[in-house]
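Asks: One structure follows; several queries about it will come next.
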Amino acid sequence: MKVLVVGGAGYIGSHTCVDLLNNRFEIVVVDNFSNSKPEVIDKIKQITGKDFNFYEVDACNQEALEEVFKKEKIDGAIHFAGYKAVGESVEKPLMYYHNNLLSALVLCELLDKYNCRKIVFSSSATVYGVPERLPLTEDCRLSTTNPYGTTKLMIEKILEDLYKSNNDWGICILRYFNPIGAHSSGLIGEDPNGIPNNLMPYIVKVANKELPELGVFGNDYDTKDGTGVRDYIHVCDLAHGHLLALNKLAKENGLNYYNLGTGHGYSVLEMVETFKRVNNVDVPYKIKERRAGDIAECYADATKALNELGFKTEYSLEDMCASAWNYVVKNK
Ligand code: UFG
Numbered sequence: 075m076k077v078l079v080v081g082g083a084g085y086i087g088s089h090t091c092v093d094l095l096n097n098r099f100e101i102v103v104v105d106n107f108s109n110s111k112p113e114v115i116d117k118i119k120q121i122t123g124k125d126f127n128f129y130e131v132d133a134c135n136q137e138a139l140e141e142v143f144k145k146e147k148i149d150g151a152i153h154f155a156g157y158k159a160v161g162e163s164v165e166k167p168l169m170y171y172h173n174n175l176l177s178a179l180v181l182c183e184l185l186d187k188y189n190c191r192k193i194v195f196s197s198s199a200t201v202y203g204v205p206e207r208l209p210l211t212e213d214c215r216l217s218t219t220n221p222y223g224t225t226k227l228m229i230e231k232i233l234e235d236l237y238k239s240n241n242d243w244g245i246c247i248l249r250y251f252n253p254i255g256a257h258s259s260g261l262i263g264e265d266p267n268g269i270p271n272n273l274m275p276y277i278v279k280v281a282n283k284e285l286p287e288l289g290v291f292g293n294d295y296d297t298k299d300g301t302g303v304r305d306y307i308h309v310c311d312l313a314h315g316h317l318l319a320l321n322k323l324a325k326e327n328g329l330n331y332y333n334l335g336t337g338h339g340y341s342v343l344e345m346v347e348t349f350k351r352v353n354n355v356d357v358p359y360k361i362k363e364r365r366a367g368d369i370a371e372c373y374a375d376a377t378k379a380l381n382e383l384g385f386k387t388e389y390s391l392e393d394m395c396a397s398a399w400n401y402v403v404k405n406k
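Going by this note's numbering, the first residue of the sequence shown is number 75, and it counts up by one from there.
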């Protein structure tokens, strides 16, 4: 199967490219490097010892993306590309709606035009808004609290309508929980621009003394220790979920939704303590006010992905923390 990986130089995209190449998939990668670096393409080749075609293309640019479809005989696509910072989406909603919706529309139009109606879409647990119940199953109530989340939910709806209009489509919507960690080679990992918004990249920068201390956003939630609880999943486990989704689409059409998480919730303080213990580093922190829009707890029931895709996570929290740090140490 020849898979177009849109946003393949990004954090989850690059790890997925490695997993696909290691499992004999053929890939074609496009990225505009808006939130990733060109070196990543060579690193993917270095890790896997495999070659592939890369095109520097903005997925919103229909003409440029169509050139890729003309040159390559694509069987389906994974759509990773999109803006993903919650706070920024509140400040710049038009930028988020424009980029995230347009790139999805352009890609779907081309998949339709070139008769390769298979797509794996990067959605997010953010589509559950304030969780109706825990653990979250795919049929839980959907709602969003920020423009970023709304773009994910809108694209899910677009894909749903597309499938209703034509059952020739094979669609897997993957709702990611909190991906962290890095490939064991230390060659690829999470590399956000500027001051990170997310917990693990922030912890890493504090441990590396690039930032003085971590702010823990609230310790008065109704959780095990009062701090926020999330379902952290190793990025390599998450990446493998895409391969399993493609395997399903290779066999049958359909519209499928899957939670990709471990099913375990860890608190912010558990994350800090585990990171310190596993890597033998210091991570000073201070309890701060709650962050606007945060929820107390969020973790997956990933039984559906297990039953229908054979999705099982392999990496422990210790592995996630060790690999995140290994990436920094190797790239100092
Ligand atoms: N946290 C801190 N300090 C920080 C950063 C985060 O205490 O500096 C806490 C948060 O309050 C939360 C937990 O760490 O309790 C995780 O926060 P992240 O920002 O890492 O992750 P979120 O769960 O808030 O957000 C993630 C993705 C979003 C997605 C959301 C819901 O980053 O894209 O999950 O699925 F929308």
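Cβ coordinates follow ideal geometry from the N, Cα and C atoms, glycine included.
Just so we're clear, the structure is a prediction, and the values are computed from it rather than from any experiment.
Which one of V79, S198, T90 and E162 has the shortest CA to CA distance from Y129?
Replies: For the residues V79, S198, T90 and E162, the minimum Cα distance to Y129 belongs to V79.
Asks: Select from F195, P221 and A324 the residue whose C-alpha is nearest the C-alpha of L313.
Replies: The amino acid at residue 313 is misidentified as Leu; the sequence shows Ala. The shortest Cα separation from A313 among F195, P221 and A324 belongs to F195.
Asks: Looking only at its own chain, which residues have a Cβ that is under 8 Å from the Cβ of D299, when we skip the five neighbours before and after it?
Replies: Same-chain partners within the cutoff: N293, S341, L343 and E344.
Asks: Please classify P286 as buried or exposed, where buried requires at least 16 neighbouring CB atoms within 10 angstroms.
Replies: P286 should be labelled exposed.
Asks: In chain order, what residues of the same chain lie with their CB nearer than 6 Å to the CB of A155, ignoring the 5 residues before and after it?
Replies: Cβ neighbours of A155 beyond the five flanking positions: V80, G81, A133 and S177.
Asks: According to DSSP, simplified to helix, strand and coil, what is H338?
Replies: In this structure, H338 counts as coil in the three-state DSSP scheme.
Asks: Label F107 either buried or exposed according to how many other C-beta atoms from any shown protein chain fall within 10 Å of its C-beta, with 16 as the threshold for buried.
Replies: With fewer than 16 other Cβ atoms within 10 Å, it is exposed.
Asks: Pull up the CB-CB distance for V309 and I86, whole angstroms please, since I reckon it's below 8 Å.
Replies: Yes, V309 and I86 are in contact; Cβ-Cβ is about 6 Å, under 8 Å.
Asks: Quick check on Y389: does DSSP put it in helix, strand or coil?
Replies: Residue state, collapsed to three classes: coil.
Asks: Check for me: the beta strand (DSSP E) holding I247 runs from which residue to which?
Replies: Its beta strand (DSSP E) spans residues G244 to Y250.
Asks: CB L184 to CB E234, shorter than 9 Å?
Replies: No, the Cβ-Cβ distance between L184 and E234 is not below 9 Å.
Asks: How many Å lie between D223 and V204 at the Cα?
Replies: Reading off the sequence, residue 223 comes out as Gly, not Asp. So the alpha carbons of these two residues sit roughly 12 Å apart.
Asks: So is the beta-carbon of T348 under 8 Å away from any non-hydrogen atom of ligand 1?
Replies: Not so, every heavy atom of ligand 1 lies at least 8 Å from the Cβ.
Asks: Could you tell me the distance, in whole angstroms, from the CA atom of T122 to the CA atom of R98?
Replies: So the two alpha carbons sit approximately 10 Å from each other.
Asks: Taking only three categories from DSSP, how would you classify R98?
Replies: The answer is coil: DSSP assigns R98 none of H, G, I, E or B.
Asks: How big is the Cα-Cα spacing for L168 and A319?
Replies: The straight-line gap from Cα to Cα measures roughly 31 Å.
Asks: Since V290 is in the beta strand (DSSP E), which residue starts that stretch and which ends it?
Replies: Its beta strand (DSSP E) spans residues L288 to F291.
Asks: If I follow the unbroken beta strand (DSSP E) through Y359, where does it start and stop?
Replies: That run of the beta strand (DSSP E) goes Y359 to K362.
Asks: Quick check on the DSSP output: the beta strand (DSSP E) that includes S198 runs from which residue to which?
Replies: Run containing S198: K192 to S198, per the beta strand (DSSP E) assignment.
Asks: List, from N- to C-terminal side, the alpha helix (DSSP H) runs of 4 residues or more that fit wholly inside the segment 185-239.
Replies: Counting only runs of 4 or more, we get 221-239.
Asks: So, at 6 Å on beta carbons, what are the nonlocal neighbours of I247 in its own chain, with the 5 sequence-adjacent residues on each side left out?
Replies: Closer than 6 Å at Cβ, skipping near neighbours: F195, S197, E230 and Y331.
Asks: G339 and E382: beta carbons closer than 9 Å?
Replies: Taking 9 Å as the Cβ cut-off, G339 and E382 do not qualify as a contacting pair.
Asks: Taking the CB atoms as reference points, tell me whether I148 and H316 lie closer together than 9 Å.
Replies: The answer is no: Cβ separation not under 9 Å.
Asks: Given 8 Å as the limit, tell me if A379 has its C-beta closer than that to any heavy atom belonging to ligand 1.
Replies: For ligand 1, not one heavy atom lies less than 8 Å from the Cβ of A379.
Asks: Please classify S163 as buried or exposed, where buried requires at least 16 neighbouring CB atoms within 10 angstroms.
Replies: S163 comes out buried.
Asks: Give me, in chain order, the residues of the same chain whose beta-carbon lies closer than 8 Å to that of R215; leave out the 5 immediate sequence neighbours on both sides.
Replies: Contacts found: Y202, G203 and E206.
Asks: I'd like to check one pair, I254 with A398: are the Cβ atoms closer than 9 Å?
Replies: It is a contact, given that the beta carbons lie within the stated cut-off.
Asks: Closer than 7 Å by C-beta to A379: which residues in its own chain qualify, once you throw out the five before and the five after it? Chain order, please.
Replies: Only G315, Y332, N333, L334 and F385 meet the Cβ criterion.
Asks: What did DSSP end up calling D265 once you bin it into helix, strand or coil?
Replies: The answer is coil: DSSP assigns D265 none of H, G, I, E or B.
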